[in-house]
Each structure stands twice: as structure tokens, then as C-alpha cells.
Amino acid sequence: MAEDRLWRSPEPVITMSKSKLKLSVGQFSDKGQKAVNQDFYGCCLPAAPQLSLKGAAFAVADGISSSDVSHIASQTAVNNFLEDYYCTSDAWTVKHSAQRVIGSVNGWLHSQSQRSEYRFDKDRGYICTLSSLILKGSTAHLFHVGDSRIYRVRDNTLEQLTKDHRLWISRDQSYLSRAIGVELQLEIDYLTVPLAVGDIFILSTDGVYEYCDTELMLKTIADHKDNLDKAAAKIVDYACLHESPDNLTIQIVRVDQLPEQESSEIRQQIDELPLPPLPEPRANFDGYIIQRALHATSRSHVYLAHDCDTGEQVVLKLPSVDLGCDPAYLERFLMEEWVARRISSAHVMKAGVQTRKRNFLYTVTEYIEGQTLAQWLVDNPDPGLQQVRGIVEQIARGLQAMHRMEILHRDLKPDNIMIDTHGTVKIIDFGAARVAGVIEAGGGADQYELQGTAIYSAPEYFIGEVPDHRSDLYSLAVITYQMLSGRFPYGAEVAKCKTAMAQRRLNYRSVLDDEREIPAWVDFTLKKALQPNPYKRCAELSEFIYELRQPSEAFLSRTRPPLIKRDPVVFWQGISICLSMIIVYLLAH
Numbered sequence: 030m031a032e033d034r035l036w037r038s039p040e041p042v043i044t045m046s047k048s049k050l051k052l053s054v055g056q057f058s059d060k061g062q063k064a065v066n067q068d069f070y071g072c073c074l075p076a077a078p079q080l081s082l083k084g085a086a087f088a089v090a091d092g093i094s095s096s097d098v099s100h101i102a103s104q105t106a107v108n109n110f111l112e113d114y115y116c117t118s119d120a121w122t123v124k125h126s127a128q129r130v131i132g133s134v135n136g137w138l139h140s141q142s143q144r145s146e147y148r149f150d151k152d153r154g155y156i157c158t159l160s161s162l163i164l165k166g167s168t169a170h171l172f173h174v175g176d177s178r179i180y181r182v183r184d185n186t187l188e189q190l191t192k193d194h195r196l197w198i199s200r201d202q203s204y205l206s207r208a209i210g211v212e213l214q215l216e217i218d219y220l221t222v223p224l225a226v227g228d229i230f231i232l233s234t235d236g237v238y239e240y241c242d243t244e245l246m247l248k249t250i251a252d253h254k255d256n257l258d259k260a261a262a263k264i265v266d267y268a269c270l271h272e273s274p275d276n277l278t279i280q281i282v283r284v285d286q287l288p289e290q291e292s293s294e295i296r297q298q299i300d301e302l303p304l305p306p307l308p309e310p311r312a313n314f315d316g317y318i319i320q321r322a323l324h325a326t327s328r329s330h331v332y333l334a335h336d337c338d339t340g341e342q343v344v345l346k347l348p349s350v351d352l353g354c355d356p357a358y359l360e361r362f363l364m365e366e367w368v369a370r371r372i373s374s375a376h377v378m379k380a381g382v383q384t385r386k387r388n389f390l391y392t393v394t395e396y397i398e399g400q401t402l403a404q405w406l407v408d409n410p411d412p413g414l415q416q417v418r419g420i421v422e423q424i425a426r427g428l429q430a431m432h433r434m435e436i437l438h439r440d441l442k443p444d445n446i447m448i449d450t451h452g453t454v455k456i457i458d459f460g461a462a463r464v465a466g467v468i469e470a471g472g473g474a475d476q477y478e479l480q481g482t483a484i485y486s487a488p489e490y491f492i493g494e495v496p497d498h499r500s501d502l503y504s505l506a507v508i509t510y511q512m513l514s515g516r517f518p519y520g521a522e523v524a525k526c527k528t529a530m531a532q533r534r535l536n537y538r539s540v541l542d543d544e545r546e547i548p549a550w551v552d553f554t555l556k557k558a559l560q561p562n563p564y565k566r567c568a569e570l571s572e573f574i575y576e577l578r579q580p581s582e583a584f585l586s587r588t589r590p591p592l593i594k595r596d597p598v599v600f601w602q603g604i605s606i607c608l609s610m611i612i613v614y615l616l617a618h
């Protein structure tokens, strides 16, 4: 870390293409009257498509003056935040990604203090504040711990967006009530605000904002609007002239242009690549030898092909020429491979290895030799409970891998589940998937519209409620119910219920019958997972899977016989004691 001036971006003005985010940035830091600068700051402004998927990030940290190692904490907090944030999944939301990274940084700094001679004196450990700003799409995301600050300037008015985590003991004495590295558990303030062209964000440590007048700060930024680095340096100089005793750091970020519509990686492919011609068997198509057609519908054409580079068999999926003018269709079409490339699970279809540039719009995925669950059910119309459990558990593991990436499948049905020749179950077809990070960037369609097959879709889709992992859980429970009974829990009634009141009138039909050996507690578990109200379902997929193998506590409590049947002696003894107490009370009064 430099003593007088910390790392800054090489260019003060970041200019993107016309439809992209355009920012101007100015930064400055000085040790002031102190011997060492314990502040640290930095920013990261990636190129497309990462700019649209992850945004531009800024961070300021301030080490506590009582610690000789807090400058290490500040540098670690900023550097790790900026580096690790961009290593998180593109499918994650900003909130999920940043909070995971900050939590990791906090844990590392806390462990460093615990392993050092400062473990019994927190004021001398690896502790700092952290205020970070991420601009993604048309939204600003703020993450804050400590007493460094983030302001927004709009219409020449300065507004403090963060709250100081400082406890005042007296007028002149205070201490940090929250900071990075103090405790293993950390509460992070999170705030989102909409962006407007001309918005200015200021990230500052207390050495600046406590010794610089608001009017002076606004005037300086306005006077040096073409050189925000100079504005930042002058503001620090003003604070020094007012005898600021602390380190001084400030970042100034101005929004010069907002994206009209984020140009995602998928949209770039749609804009740049033409629709492919339909290939013939044994033809060389973009480096793949077509072997045979696997499936064809009005929406896509699917081929088995041989990859000339890797030697592997793969599946090529080509879009329909008739729908080639529909951008929403093409986005959903390409989303399948995008999702498959970001999930690592034995129970989720993998994307094909991309070794060369593509000349057409199509997707490449692994070839799964086997059959769909729909065909398997035709071949096995009366599967045993143990077989059903084995298949459902594998589907659940694939869904869990998707949900960890904040991806909802939204079209889970037997046709979209493959069973290979080794018995491994894989989830396929992600064209209806909802990716939280892509939706947040403005690169996806309406996240609440029904995309899947009605009879397997959760009731909340039909009344416009926000879907979550419990929506996929419902679909999995419908499949489980179908495998055990050959029918559906509510028939076709769910799709007809367009109000919450109508859904509450749905009657669950028990999966139990005289022909199948199904335990009553399995039916209890299915009824819970198939509740029309998502908040009454199992909280997690793991809970559903666990309760398919053993009775839940709720079931055992419900089916437990009354005390008079379980232990009549104890029951009548209790009655006798109660009657005796009543008699004693009456005699005493």
C-alpha cells in the first residue's frame, strides 16, 4: 500500500458504447497528519458482458487508529471484495454475491486476529470499516459496515445513504459498534436506490466528511466536473486545511449515461449470429458431423452429432426458423446452454465443450444415452416406493445445485428428466429457467409469467405471485405423486384457480389406495409439499426428501393416540390429582 496515494483506476472517465453504462470517476487518498495511511480504496469496471451481469464496483475501507495492523485489514477488505465479487456466479444477484464475499472477508480477518497476539484485545486486531457500491443496470446497490459513508448528490442536494455504526458515550467520546473482523457473525447494511443520469455518489472516510463543508464539497465537484480526480484531491486538501487529524479518502462516481437495455451475453449472440440452415445426416456443420435427427418440433430441431475436436458425441439444438424473429424465444432458447454451463452436478445436463468460434445460433449439450422419465413411466407403470424415492432424490439433488446458483427451473416435468443407461437421473431443458442475476440486470423476460407445463406448475404462477425454490419443490412433489398413483393431486383444477380464494378451495386427493402399499406418512408428506400456499410447504427440498423416507414429527404427533389409550393409569391418576386440588381449594374458601 502506498503511503500517500492509494491505487486508482488508470482512466478517470469510463466510456462504454452507446447502450452501455457510462461513468466518470475521481479518487484520492492521503495519510494526513498520521504517519501511516490506514485507509484503502479501489474500483473495478469490467468490460461487457461482465459489466451487465455483475456491474461496476467501488469500495472504501478505514482501519481503526488503535490497531497497528488495521491498514492490512483495509487493504484486504477492499482487494478481496473487488476480486472475489467478480468470481461469484453470473447467475447470483448482487446482494447474494456481495454478502457472501463480505462475510468471507470478515471471517478471514477475524481468524487472523484470533491467531495473533491481539486475540484478547479487539481494538488492536485486524479491524476496519467497509462501504461498497455496485452499479448494475439502473440500480445502485450499497453494502455498509462501520462509519465510512456513502452519499448521493441529486439536484445539488447531498443525501447520506448509509448509517454510521458508531456508539456515542459522550459528546467527545465514541467507538465503532460494528466493523469488519470484530466478530465471526456480521450484520451488513444493504440498500438499493434507482439510478438517474447525473447522479453522483461519494464514498468517504470520516477524515474527510467530518472536516469538509457540504456546500464546499458540492461546489468543488461542480467546478471540476470534467476532472473528478482533481475535485477529489481538492476536497481532501480542504479537509486537511481544517485540521483533520485522520487519514483522508474520497471516491466520486458520476452516472453519465444509463443503459437503455442491458446487452447481455445472450443478446450479443442473437445480434451477431445468423440462424443456421437445417443440416443433412453426415454433413459437417460448424465442426460437428451430423449423425442423425433425434427430435423435431415447430420450436426446435435436435440432432446427434460428433464433435471433430473432442471426439465426443453431443446434442445440437437448432432454433426454429419460423420463430427466428422472436427475441424472447431466442433468449429462452440460448438460456438452456448458458444455465448448463454454470451448474456443476451429476444430476444436471452439462453443456458441450466449446473449442471454436460459432458461426450460427445453436446450442451444444452432452448426449445422454437413455430415456426420459415420461417414457420410463410408460415402461414401468407401477414402480415400487423404493424406486420412486431413488429417482426423486436424484432430481432433488439436481434442483439443489440449481437453487444454489439462484436458478429456478420452472418447467420440471417427466419429459424434462432423463434417466441414462446407468440409472443416473439428469434434469434437462432450461429454456424456462429464471436466473436471478440475469433478471436483475434487465437481461431476462418477465420473471413471474408462466413458462412451464400447467399441470406441473405451482399454483402461485397462476395468480402472479413471486416464485421461489418452493415452486420447483411443488413440481417435484407432483411428479412424485404421479409416479406413485398414476394421477395428479388436484387433477386439472389448479390452472383454473386464478385467485387465492379459489386455490384455498382446492381439495387434495390422497395418494393412498387399496392397490398400493404406500405408508400413510408418505401421503402426509406429499400433502404438505403440495399445499397451494407456498409458505405451508416444506421449507427446503432436503426436508421433503427426508420425510419421504421416515415419518415427520408433525405426522407422529398427529397420529399419536390420546393419553387415556396409551396409559390409562397415568390418565386417571392425573384426573384424581386435579379433582383433589379442586376439593382442597373449595374447602379453604
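The sequence shown lines up with residues 30 to 618 when you count with the numbering used here. Ideal placement from N, C-alpha and C gives every residue a C-beta, glycine not left out. It should be emphasised that the depicted structure is a prediction, and the values quoted were computed from it without experimental measurement.
Within its own chain, the residues whose Cβ lies closer than 8 Å to the Cβ of arginine 153, once the five positions on either side in sequence are excluded, are Ser95, Ser96, Asp97, Val98, Tyr147, listed in chain order. Minimum Cα-Cα distance from valine 377 among the listed residues Phe230, Ile209, Ala425, Asp184 corresponds to Ala425. Measuring C-alpha to C-alpha distances from glutamate 301 to each of Phe389, Ile319, Gln143, Glu244 identifies Phe389 as the nearest. Contact check for alanine 487 and tyrosine 503: beta-carbon distance about 4 Å, within the 8 Å limit, so the pair qualifies.
The Cβ atoms of serine 160 and isoleucine 179 sit closer than 8 Å to each other. Straight across, the Cα-Cα distance linking lysine 49 with tyrosine 358 is about 23 Å. As DSSP reads the structure, leucine 215 sits in no beta bridge. Between isoleucine 156 and alanine 127, the gap from beta carbon to beta carbon reaches 8 Å or more. For secondary structure counted as the alpha helix (DSSP H) over 4 or more consecutive residues, the stretch 521 to 601 holds these complete runs in sequence order: 529 to 533, 549 to 558, 570 to 578, 582 to 588, 592 to 595. Isoleucine 229: member of the beta strand (DSSP E) spanning 229 to 233, first to last residue. One alpha carbon belongs to cysteine 354, the other to phenylalanine 584, and they sit about 53 Å apart. With respect to valine 237, valine 265 sits close: the two C-beta atoms are nearer than 8 Å.
With contact defined as three or more Cβ pairs closer than 8 Å, the stretch 512 to 519 and the stretch 450 to 457 are not in contact. Taking the Cβ atoms as the reference, valine 599 lies roughly 56 Å from alanine 462, outside the contact range of under 8 Å.
Positions of the beta strand (DSSP E) runs, each at least 3 residues long and wholly inside the stretch 423 to 460, are given as 446 to 449, 454 to 456 in order along the chain. With a threshold of 16 other beta carbon atoms within 10 Å, glycine 210 meets it and is buried. Using a C-beta cut-off of 8 Å, the stretch 327 to 343 makes no contact with the stretch 264 to 283, since fewer than three inter-stretch Cβ pairs fall below that distance. By the Cβ-count criterion, alanine 465 is buried, with 16 or more other Cβ atoms from all chains shown falling within 10 Å of its own Cβ.
DSSP, reduced to helix, strand and coil, places arginine 499 within a helical segment of the structure shown.
At a Cβ-Cβ threshold of 8 Å, valine 54 and glutamate 469 do not count as neighbours. If you ignore the 5 residues before and after valine 350, its C-beta comes within less than 7 Å of the C-beta of Leu304, all in its own chain and listed in chain order. Taking a C-beta distance under 8 Å as the contact criterion, serine 145 and valine 89 do not qualify as a contact pair. If you draw a straight line from the Cα of glutamine 416 to the Cα of glutamine 400, it is about 16 Å long. Separation of alanine 86 and glutamine 67 (C-alpha to C-alpha, rounded to the nearest whole angstrom) is 21 Å. Contact between the stretch 107 to 126 and the stretch 425 to 439 is present: three or more C-beta pairs spanning the two stretches fall below 8 Å. In summary, alanine 483 is exposed, with fewer than 16 beta-carbon neighbours lying within 10 Å of its beta-carbon over all protein chains present.
When rounded, the separation of the alpha-carbon atoms in alanine 312 and leucine 347 is 15 Å.
With a 10 Å radius around the Cβ and a threshold of 16 neighbouring Cβ atoms, phenylalanine 362 comes out buried. Bounds of the alpha helix (DSSP H) holding threonine 105 are 99 to 114.
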